[in-house]
Amino acid sequence: MKKHPLRLLFLVVITGLAFVVQPAYAAKIKVVTTLTDLADLVRNIGGDKVEVHSLATGVEDTHGVPMKPSFVPLMNRADLIVLVGFDCEHAFLPALLEASRNPRIQKGQPGYVDCSEGIAPVDVPRSTDHSEGDVHPYGNPHYMLDPVLAETAIHNIYNALVTFSPQDQATFTSNRDAYLAKLDAKISEWKAEAAPLKGVKFISYHEEWNYFAERFGMVYFGTVELKPGIDPTPRHIEELITSMKAEHVSIVVREPQFPEKVPAFISEQTGAKLVTLPIMPGGVAHTDTYIEMMDYIVTTMVRATGK
Amino acid sequence: MRILAVLILFSCLFLLINTAFADEMSELKEQVKTLTQAVQGLKSTVESQQKEINSLKETSSQSAALPDKTVPSTVVAPASPLASTPPAGAATQEQIKEVNAKVNKVIEAQKKSLPGEFNPAIGVVGETLFSYRTRGSAATGSDRPGGFDIFQRSVELNVAASVDPFATGYAVINASADPITGEANLEVEEAAAQTTSLPWNLTLKGGRFFGEFGRLAYIHDHELPVVNRPLVLDRYIGGESQTDGAQVSWLLPIEHYVNFTAGLGDKFGDPQNNPGVFRGGKELNYFGRLSTYFDLTPDWQVETGVSGLIDPRTVDRGGALVQPDGSTLSEKERRLAGMDFSLRYVPLRDNQFRSFTWGNEVLFSGNRYLSDPDAIPDSGDEFSKSVNSTGLYSYLAYKIDREWTTGLLFDFLENEQNMRDRTYAYSAYLTYAISHWNQLRLQYTHTDHNAISGLRDDDAVYLQWTWIIGSHSHGWQQR
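Protein chains in written order, with our numbering: chain A, 1 to 307; chain B, 308 to 786.
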């Protein structure tokens, strides 16, 4: 009986030491991203120094990732939260940040990595009145569909990782440069491949393709939604069909999180080709990485033109 | 021997740690070396960039005056084969125009946020109920009349902002119509501050707020999935779980979501505690909730919790409660326990268009009363009695598409003052969300009272119109 306290003491000491010694073998940087494209970028820059979790799996609406309590422990332990910004995640991130009880990743802290920093937004609304629908006051947040602007996001992620872990700067720098070289090469490829897209008119379900259209010279004709976040009325669909016919709009883009019925009807009525395009990696099959997703988008768009 | 064994063990551990630190030291030396190289690399990059800047300055001084020289330093022109980056000094008027247009867009975005930077987020919620009930209030026990009724249930002003780096604050001020007189009744429903940076996963909330109990007690009327708050929450809690007090919430530091909340308050729901002349700790309300969550599949979720509330010595809360037989009850102790369970289908891909919720809550009330059969105080016939009663609700909500949701609600209630007095209610509803900020709900409710209640069965049809202007965000509790 007398031996027990001594054994207990040994156990306590050893367990305690195990806890003390463990951090010396540098745990990975815990990064939570809101969307899968950002997770892919973090993996490419952080390499084996980071442990990355994305809240979205790829199939969700970027503005409507379900707020699951299972995200809370992940965010509670995160060193960095990486987000798109421009209020893209306004419907779920503020509440999750509040629930996470993690002061390191709150807005304004170094752990809050807003990838939109340094990006000039398009379509900044003149009014944020709800009569214009669910508008984003800081401008359209879907800049990740422009691979050139994705490079700004890469720089923001790189800076955040270096700030958090300066001792790993050499690794991050070499990873970033390697990834940028790969992305630059792909951008040149996409530019060449997308040549037939110049001047091609298209519509989409949600206003997600402004940056893509600007980059590849397409004409963004309109949206199936009446206003952002507001489903179409029969009158809007009718007017859209009439104007699409008059203006020879040739592509209808449907993002996978939106129902197919109305875009298919518009496509049938106008003769425009209906394509389903992901808005983040994992949105459709074979788009597990950012580069694979952009490959898929450019190729599908070009095929849709029939050129 | 034991001392020797301890010494040996500690020596071994010391050696182990020392080795670990030695390894670390050599690793650190390596890192310092790498860092030095990196700094040298950076130095040479900065030098070459400085040269480039100088050459650009020279070029720009030679070129024509620019239309707008104000270019915020925040705008980064990304380097890329596709980016239209001209060679140094070759900027044309067209390209400058393009850059200016982009800069103006950023300024436009900043203009929107700057004036409001010091203002809290402000929103207003309005809720009007149009209804028809087959029986008058004397037969239904409701505080609303029978027949046609139009009731401005709430005009709610919501204000929220950060207090400082350590706390946020919010207030909800409601100017609803008084159910009896119809006069606007201004009430501070909530006004509380909540910490944002306490250690050990703690948050502290203080002020007037809806204390955490169950699933729907701390939700505002307009955010409920149905028109009226379930009967059991109305009777046992007194509507919303409003309290003037403090609540501490602890997220357990484990990989699974478990949250524990405990609080104390001067009141909990309605009616208020009578103030009394002197109150010790026993007159306060103590409440708590333990909740957890499971992902059954990526699309199916379960959330469950247990809650408790105790007011060890209520000071005649609600006054003398007159019973159908003319006797009175005075509440002396209030005890409430609850269990809640929600099963949800929230498809990842199209949850904006389809979802399903099955929400349930069962409450057990165990109050102690002083019963006065002749309703004459201190006449000698008073006796103490405890009443144990149960109530529950269960609802289904099925989202058909972005605009339409339909569902059913079942209510069961044993009167907390007389458990043999039972009420059943059956409701069916259809919600049409014209947009996120504008919603109509049509609900039919049949209420069944038993004979002991002295009330009569009735049918009611409600049309609820809810609208929101200004800022509106769903907090964690309203998810």
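Quick reminder that beta carbons are idealized off the backbone N, C-alpha and C, glycines included. None of the values given here were measured: they were computed from a predicted structure.
**Report entry** Spatial neighbours of Ile291 (chain A) in its chain, beta-carbon cut-off 6 Å, leaving aside the 5 residues before and after
**Finding:** Lys186
Requested in this report: Would you mind reading off the limits of the alpha helix (DSSP H) that contains Gly46 (chain A)?
Outcome: 36 to 46
Query - Straight-line Cα distance separating Ala181 (chain A) from Lys201 (chain A) - result: 31 Å
**Report entry** Beta-ladder partner(s) of His53 (chain A), from DSSP
**Finding:** A:Val32
Query raised in the report: Can you give, in chain order, each stretch of the beta strand (DSSP E) that sits fully within the region 225 to 259 of chain A and has at least 3 residues?
Result: 251 to 254
Query - Span of the alpha helix (DSSP H) around Lys706 (chain B) - result: No alpha helix (DSSP H) holds Lys706 (chain B); the beta strand (DSSP E) holding it covers 690 to 706.
Requested in this report: With a threshold of 16 other CB atoms inside 10 Å of the CB of Lys68 (chain A), please say whether the residue is buried or exposed.
Outcome: buried
Report task. Please report how far the alpha carbon of Ile266 (chain A) lies from the alpha carbon of Ala246 (chain A), in whole angstroms. Result -> In a straight line, the C-alpha of Ile266 (chain A) is about 14 Å away from that of Ala246 (chain A).
Report task. Go ahead and label Glu401 (chain B) buried or exposed: buried means 16 or more other beta carbons lie within 10 angstroms of its beta carbon, across all protein chains shown. Result -> exposed
Query raised in the report: Whose Cβ in chain B lies nearer than 7 Å to the Cβ of Ser70 (chain A)?
Result: Tyr564, Tyr600, Asp602
Query - Those residues which DSSP pairs with His753 (chain B) across a bridge - result: Among the bridge pairs identified by DSSP, His753 (chain B) is matched with B:Tyr733, B:Asp766.
Query - Length of the line joining the Cα atoms of Glu490 (chain B) and Ala484 (chain B) - result: 5 Å
**Report entry** Assigned exposure category for Gly687 (chain B) - 16 Cβ within 10 Å defines buried
**Finding:** Under this definition Gly687 (chain B) is an exposed residue.
Requested in this report: Output the distance between the C-alpha atoms of Ser760 (chain B) and Gly454 (chain B), rounded to the nearest integer angstrom.
Outcome: Rounded to the nearest whole angstrom, the C-alpha separation of Ser760 (chain B) and Gly454 (chain B) is 21 Å.
Query raised in the report: Using 8 Å as the Cβ pair cut-off and three pairs as the minimum, do the region 488 to 506 of chain B and the region 760 to 780 of chain B touch?
Result: Judged by Cβ distances under 8 Å, the region 488 to 506 of chain B makes no contact with the region 760 to 780 of chain B, as fewer than three pairs qualify.
Report task. Buried or exposed for Tyr700 (chain B), please, with buried defined as at least 16 other CB atoms from any protein chain shown within 10 angstroms of its CB. Result -> By the C-beta density criterion, Tyr700 (chain B) is buried, having at least 16 other C-beta atoms within 10 angstroms.
Requested in this report: State yes or no: is the C-beta of Met726 (chain B) within less than 8 Å of the C-beta of Asn745 (chain B)?
Outcome: no
Query - Span separating the alpha-carbon of Val219 (chain A) from that of Ser54 (chain A) - result: Here the alpha carbons of Ser54 (chain A) and Val219 (chain A) stand approximately 32 Å from one another.
Query - Cβ neighbour criterion (16 or more within 10 Å) applied to Phe258 (chain A) - result: Label assigned to Phe258 (chain A): buried.
Query - Where Leu277 (chain A) falls: helix, strand or coil (DSSP) - result: coil
Query raised in the report: Mind pulling the chain B residues with CB within less than 7 Å of Val59 (chain A)?
Result: Those are Leu655, Arg656, listed as they occur along chain B.
Query raised in the report: What is the DSSP secondary structure of Phe164 (chain A), reduced to helix, strand or coil?
Result: helix
Query raised in the report: CB Leu720 (chain B) to CB Arg542 (chain B), shorter than 8 Å?
Result: yes
Report task. On a CA-only basis, which of A:Leu38, A:Thr34, A:Asp146 is nearest Ala56 (chain A)? Give me that one, please. Result -> A:Thr34
Requested in this report: Pull up the distance between the alpha-carbon of Ala732 (chain B) and that of Ser614 (chain B), whole angstroms please.
Outcome: 24 Å
Requested in this report: Please decide whether Glu610 (chain B) counts as near chain A, where near means a Cβ-Cβ distance under 8 Å.
Outcome: yes
Query raised in the report: Counting pairs of Cβ atoms below 8 Å between the region 604 to 620 of chain B and the region 632 to 641 of chain B, do you hit three or more?
Result: yes
Report task. Output the distance between the C-alpha atoms of Met144 (chain A) and Asp37 (chain A), rounded to the nearest integer angstrom. Result -> 8 Å
Query raised in the report: In its own chain, which residues sit with a C-beta less than 8 Å from the C-beta of Phe473 (chain B), not counting the 5 before and 5 after it?
Result: Thr502, Thr503, Ser504
Query raised in the report: How big is the Cα-Cα spacing for Tyr593 (chain B) and Gln459 (chain B)?
Result: The straight-line gap from Cα to Cα measures roughly 33 Å.
Requested in this report: May I ask you to report which of helix, strand or coil DSSP gives Asn722 (chain B)?
Outcome: strand
Query raised in the report: Is it true that the CB of Asn481 (chain B) sits closer than 8 Å to the CB of Val466 (chain B)?
Result: In this structure, Asn481 (chain B) does not lie closer than 8 Å to Val466 (chain B) by Cβ.
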